[in-house]
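In my numbering, the protein residues as written are 1 to 426.
This is how it looks when you write it as structure tokens:
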């Protein structure tokens, strides 16, 4: 979502001023269906200026508002900082950095069409409680009405980036269905919108696709909008047929078709790490001080999942922005810390010549880096502990072939014992 996060820069004030809220009946349905009250925890992803966040806060639930755009997030923080259970988070929906399995509900209002749905599904599974659900919400204009049809024609004429209302989501219903584990619940709540001319023009200006002053054809676009308003308004008021639309359910488990495989040690793994390290050399010029092979594939004679774990070590987090830029040029995407402090995670899509790997960035004084290095070195020095760990991992994979959380929990018992021996936990 790195590029999409900037689409509303320069539009945030218009967005906050002119975007409508959501149907009261939808808000009542959310509160009752998910028992939203003090003690409940909700992630509002792509929270923007906090239009839905405000309504969720009024239920008494704790709301984590996750928004990558600084202008949008700043407006939400100014307006909502008086709520003690409001938590603003500078992250994206695909890499929220929120804690694992902590949320009763995820909401995404006017936002899912900006997300990478596959990465979002993985993040949703990571942060939701095991019975948690997702609600995807839009305000959708009634495209059967003459005004909306003429408005869409005008936008198609002047705005090359207009893909349809709601980001064109009605043409992407298959993507929504694939996001959910089963057929999602679909609810529509009537929510007519009333606008005067100024509010109408401000609302248009808040759209990511709208021409702005200084753009070619802006004057023609502006005059056409005024003419459209005059044609349909009555006594200076325009009534727009609209519904608040909600798709809800349990997100599809992106790991359901993946089998956890623990293999005997392969002597080719160190060479695979070296190939990846060679590709990562530009990060050293950007300020990194080391590229470490960690995880089970770094321990000779230890069974492991055939995935290389790598830590890029930097002097301090003040260098992190430089490293992000260098990694972006190499084809990596920042995924936040995935709920693990002191360890920033990166993913990639198209590096077919390299072995599958997990890439992290840690400051040199990071406790997480210390755990990675000391755990690796302990297993290298202690054959009996290494053998016990290999046996446990194979057992955990057999018990939980498609459940990464169950696998990690079962093998985590021995990891914790070793951490205690090393003085890393008490």
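Even for Gly, the Cβ is constructed at its ideal location relative to N, Cα and C.
Remember, predicted model here, so these are calculated numbers, not experimental data.
- Separation of residue 150 and residue 24 (C-alpha to C-alpha, rounded to the nearest whole angstrom) is 28 Å.
- When the beta-carbon positions are compared, residue 36 and residue 61 come within less than 8 Å of each other.
- Residue 390 places its beta carbon less than 8 Å from that of residue 303.
- Distance between residue 386 and residue 380, taken at the CA atoms: about 7 Å.
- A distance below 7 Å between beta-carbons, with the five flanking residues on each side excluded, links residue 289 to the following residues of its chain, in chain order: 313, 314, 315, 364.
- Across the structure, residue 226 and residue 354 are spaced so that their CA atoms are roughly 56 Å apart.
- Rounded to the nearest angstrom, the Cβ distance from residue 57 to residue 85 is 7 Å, consistent with a contact under 8 Å.
- Residue 378 and residue 299 have their alpha carbons spaced roughly 9 Å apart.
- Comparing alpha-carbon positions, the option among 262, 263, 293, 281 lying closest to residue 272 turns out to be 293.
- When the five nearest sequence neighbours on each side are left out, the beta carbons in the same chain lying within less than 7 Å of the beta carbon of residue 376 are those of 294, 298, 299, in order along the chain.
- Under the 10 Å beta carbon count, residue 248 is surrounded by 16 or more other beta carbons and is classified as buried.
- CA-to-CA, the gap between residue 342 and residue 321 works out to about 15 Å.
- Rounded to whole angstroms, residue 126 and residue 100 show a C-alpha spacing of 5 Å.
- Along the length of the region 289–368, whole alpha helix (DSSP H) runs at least 4 residues long occupy 320–329, reported in chain order.
- A residue is called buried when at least 16 other Cβ atoms come within 10 angstroms of its Cβ; residue 240 meets this threshold and is buried.
- Taking a 10 Å sphere around the C-beta of residue 264, we find fewer than 16 other C-beta atoms and assign the residue as exposed.
- In the displayed model, residue 185 falls within a strand according to three-state DSSP.
- The beta-carbon distance between residue 356 and residue 345, rounded to whole angstroms, is 15 Å. This is too long to meet the 8 Å contact definition.
- Pairwise C-beta distances place the region 108–123 in contact with the region 32–47, as three or more of them are shorter than 8 Å.
- From the listed residues 324, 59, 51, 11, the smallest Cα separation to residue 31 is found for 59.
- Per DSSP, reduced to three states, the secondary structure at residue 174 is helical.
- The Cβ-Cβ distance between residue 77 and residue 88 falls below 8 Å.
- Spanning the alpha carbons of residue 202 and residue 245 requires a straight line of approximately 23 Å.
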